[in-house]
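In the numbering used here, the protein residues as written are 46 to 592.
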């Protein structure tokens, strides 16, 4: 007998099975919550108060001490985070930096670093008082007690070993009796100074020897405000300044020297001062071309080892001596007049901001600062000279220029002289921030291409009469950031303990200092005319700054 299932019964079973399937087998249809992860890290070297961190522009987190931190708001897996400093610490002021501060969330983030120990000054050597005599020791022998006398307007370079070399300036010799022009040569390495050449007394005439021939007895005369550069072969070149010529006469100079293998060679220009320039045809090199005597010009070397010279206080094509705006190139032993006027005291032609044009040119000036960027463009800032109006006597400038492909571009700041600074909030970049007009500042470049500016003689945030400054600025991505120092003039230095960094340490206001960057990316500052811990005068203090 066959056991056949009733068709109606079969249909009922199928419908019941479909019903169970539609109900998910009895499971829930609720979506599970997203997986979230916390964002955090650690803070180090915090000594100030008021530090506030933020993530993705919000979720503000106050931090009062070193240690770990975690933001209140966890983030879903796959989202992004970006931790920044919303408010920098104060009392004492610090500038904290963030590392590993951004990324995509895939797990709890615990490795963000907030380091408040950078951006601190360390007094490394020299005196915290003014007008100190030099301690020369034995020629060629380093010693812990050696130190150059207080001075300003020196020339420096660094060699392939990272040692600093210092030449001349205006200041104090081994006697300390009276300030004058110097021509001593020093090396600074491993924390010790070595007197390498030149005289240990002021106001020495130059010993020129035979043109083009190095000799042990050759030495440039005492001077301040020369320009110096290193060529592709590592030879050091020095041009001009204001000082003592071969006859013992003081004035602006146009002599050209090279220093190699421990000997000086006179390579061009005159061995007497106050010479007018021989310009020739613009854009055409010639053996007889030579810039006029000058001091406190801006100079730089390009990627090909050519040297460029702009402006300064000196003598034009007819022998009148004042501020200049001529641009020169020195290559293969010949000078070429490239741009600007061959006469003194010219107003600037600014054109349209951000737009290069053949007729654009900065006004005549001295004490400007210059640097080159990663693309080989030349940048020029400030100085004492002539703005767009050509006002008689000139003024202090804070205009920013770029020179590229043979044309000048006015990149920012004012085309009118004597502008006060807009400081904004310390440590926070902003489009409206700008250093006040100034001359004879120090310019440095860090490992990432940011430009740092320290001090000079000019205008603070109040617009009071121009005086010495000790403000520190960073220029990056087209914006200025006030990073340290004071926003008012004539500040005493806070030295702290020798060799010990501290948030409250800061060099006093000063100008005509020299600065350099070491192999580790630290900034160094030496000398200038300004304020020690107590008073105004010539300085010989050495400072280190870790950006």
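Ideal placement from N, C-alpha and C gives every residue a C-beta, glycine not left out.
Predicted model, so just to flag it, every value in this text is computed and none were measured.
Task: Backbone CA spacing between residue 509 and residue 524 [nearest angstrom] - done: One Cα belongs to residue 509, the other to residue 524, and the distance between them is close to 24 Å.
Open item on the list: Taking 7 Å as the limit between beta carbons, can you name the residues of its chain near residue 580, skipping five residues before and five after?
Closed with: Beyond the five residues adjoining it in sequence on each side, residue 580 comes within less than 7 Å, by CB distance, of 175 in the same chain, given in chain order.
Task: Where residue 478 falls, given that 16 or more other Cβ within 10 Å makes a residue buried - done: Flag for residue 478 reads buried.
Task: Identity of the residues DSSP links to residue 414 by a beta bridge - done: Residue pairing from DSSP places residue 414 in a beta bridge opposite 426.
Open item on the list: Whether or not the stretch 462 to 482 and the stretch 434 to 446 are in contact is what I'm after, with contact meaning three or more pairs of Cβ atoms, one per stretch, closer than 8 Å; do they touch?
Closed with: In this structure the stretch 434 to 446 touches the stretch 462 to 482; the number of beta carbon pairs closer than 8 Å is three or more.
- [ ] Determine, using beta carbons only, whether residue 393 comes closer than 8 Å to chain D.
- [x] Looking at the structure shown, chain D is missing, and only one protein chain is on hand.
Task: Nearest-angstrom Cα separation, counted from residue 279 out to residue 207 - done: Roughly 12 Å separates the two Cα atoms.
Task: Unbroken stretches of the beta strand (DSSP E), 3 residues or longer, contained in the stretch 531 to 562 - done: Within the stretch 531 to 562, the complete beta strand (DSSP E) runs of at least 3 residues are 559 to 562.
Task: Pair within 8 Å by beta-carbon distance, residue 498 and residue 506 - done: No, these two residues do not count as a Cβ contact at 8 Å.
- [ ] Could you check what DSSP says for residue 575 in three-state terms: helix, strand or coil?
- [x] Residue 575 sits in a strand when the DSSP states are folded into three classes.
Open item on the list: Per the DSSP calculation, residue 107 is bridged to which residue(s)?
Closed with: For residue 107, which the question treats as bridged, DSSP gives the partners 97.
Task: Host beta strand (DSSP E) of residue 366 (start-end) - done: Per DSSP, residue 366 belongs to the beta strand (DSSP E) from 366 to 376.
- [ ] Determine the closest residue to residue 350 out of 102, 361, 418 and 276, with distance taken between C-alpha atoms.
- [x] Taking each of 102, 361, 418 and 276 in turn and checking the Cα distance to residue 350, the smallest one comes out for 276.
TODO: Would you tell me roughly how many angstroms separate the C-alpha atoms of residue 177 and residue 243, rounded to the nearest one?
DONE: One alpha carbon belongs to residue 177, the other to residue 243, and they sit about 19 Å apart.
Open item on the list: Measuring straight from C-alpha to C-alpha, what distance separates residue 384 and residue 348?
Closed with: So the two alpha carbons sit approximately 20 Å from each other.
TODO: Could you tell me how far apart the beta carbons of residue 526 and residue 416 are, in whole angstroms, since I believe they sit closer than 8 Å?
DONE: Residue 526 to residue 416, Cβ: 17 Å. No contact.
Task: Exposure of residue 513, with buried meaning 16 or more beta-carbon neighbours within 10 Å - done: Counting Cβ neighbours within 10 Å, residue 513 comes out buried, since at least 16 surround it.
TODO: Mind reading off the beta-carbon distance from residue 360 to residue 319? Whole number of angstroms is fine, and I expect it under 8 Å.
DONE: Contact flag correct, Cβ pair sits at about 6 Å.
Open item on the list: What does the alpha-carbon distance come out to for the pair residue 544 and residue 330?
Closed with: Distance between the alpha carbons of residue 544 and residue 330: 50 Å.
Task: Sequence-distant residues of the same chain with beta carbon closer than 7 Å to residue 252, five excluded per side - done: Here residue 252 has 262, 263 and 264 as same chain residues with Cβ atoms under 7 Å from its own Cβ, once five neighbours each way along the sequence are excluded.
Task: Distance, residue 451 Cα to residue 421 Cα - done: CA-to-CA, the gap between residue 421 and residue 451 works out to about 12 Å.
Open item on the list: What ranges does the beta strand (DSSP E) occupy inside the stretch 188 to 230, keeping only unbroken runs of at least 3 residues that lie completely in it?
Closed with: Every unbroken stretch of the beta strand (DSSP E) spanning 3 or more residues and falling wholly within the stretch 188 to 230 is given here in chain order: 200 to 203 and 209 to 216.
TODO: State the beta-bridge partners of residue 233 as determined by DSSP.
DONE: 209 and 238.
Open item on the list: For residue 519 and residue 164, I'd like the C-alpha separation in whole angstroms.
Closed with: Their Cα atoms are separated by approximately 11 Å.
Open item on the list: Less than 7 Å between C-beta atoms, sequence neighbours within five positions excluded: which residues of the same chain meet that for residue 494?
Closed with: Only 418 and 419 meet the Cβ criterion.
Open item on the list: Just verifying my parser: in three-state terms, what is the DSSP assignment at residue 492?
Closed with: In the three-state scheme derived from DSSP, where H, G and I count as helix and E and B as strand, residue 492 is classed as coil.
- [ ] Within the stretch 277 to 326, note down every full alpha helix (DSSP H) run reaching 4 residues or more, in order along the chain.
- [x] Runs of the alpha helix (DSSP H) lying entirely within the stretch 277 to 326, each at least 4 residues long, are absent.
Task: Top-ranked residue by Cα proximity to residue 271, from 183, 521 and 355 - done: Minimum Cα distance to residue 271 is reached at 355.
- [ ] Compare the Cα-Cα distances from residue 248 to each of 218, 241 and 254 and report the closest residue.
- [x] Check the Cα spacing between residue 248 and each of 218, 241 and 254: the tightest is with 218.
Open item on the list: So the candidates are 223, 231, 172 and 324; which of them puts its Cα closest to the Cα of residue 188?
Closed with: Among 223, 231, 172 and 324, the Cα nearest to that of residue 188 belongs to 231.
Open item on the list: So, at 6 Å on beta carbons, what are the nonlocal neighbours of residue 64 in its own chain, with the 5 sequence-adjacent residues on each side left out?
Closed with: Low confidence applies to residue 64: its pLDDT is 47, below 50, so where it sits in the model is not reliable enough to give any reading.
Open item on the list: Between which residues of its own chain and residue 126 is the CB-CB distance below 7 Å, once the five residues before and five after are set aside?
Closed with: Answer for residue 126: 84, 100, 101, 120, 147, 148, 150 and 154, listed in chain order.
- [ ] Measuring alpha carbon to alpha carbon, tell me which of 238, 369, 464 and 435 ends up nearest residue 411.
- [x] Between residue 411 and the set 238, 369, 464 and 435, the nearest pair of CA atoms involves 369.
Task: Buried or exposed (CB count within 10 angstroms, at least 16 for buried), residue 268 - done: Buried.
Open item on the list: Rounded to the nearest angstrom, what separates residue 503 and residue 82 at their Cα positions?
Closed with: Cα to Cα, the separation comes out at about 51 Å.
Open item on the list: Once the 5 residues before and after residue 166 are set aside, which same chain residues still bring their CB inside 6 Å of it?
Closed with: These residues qualify, in order along the chain: 550, 551, 588 and 590.
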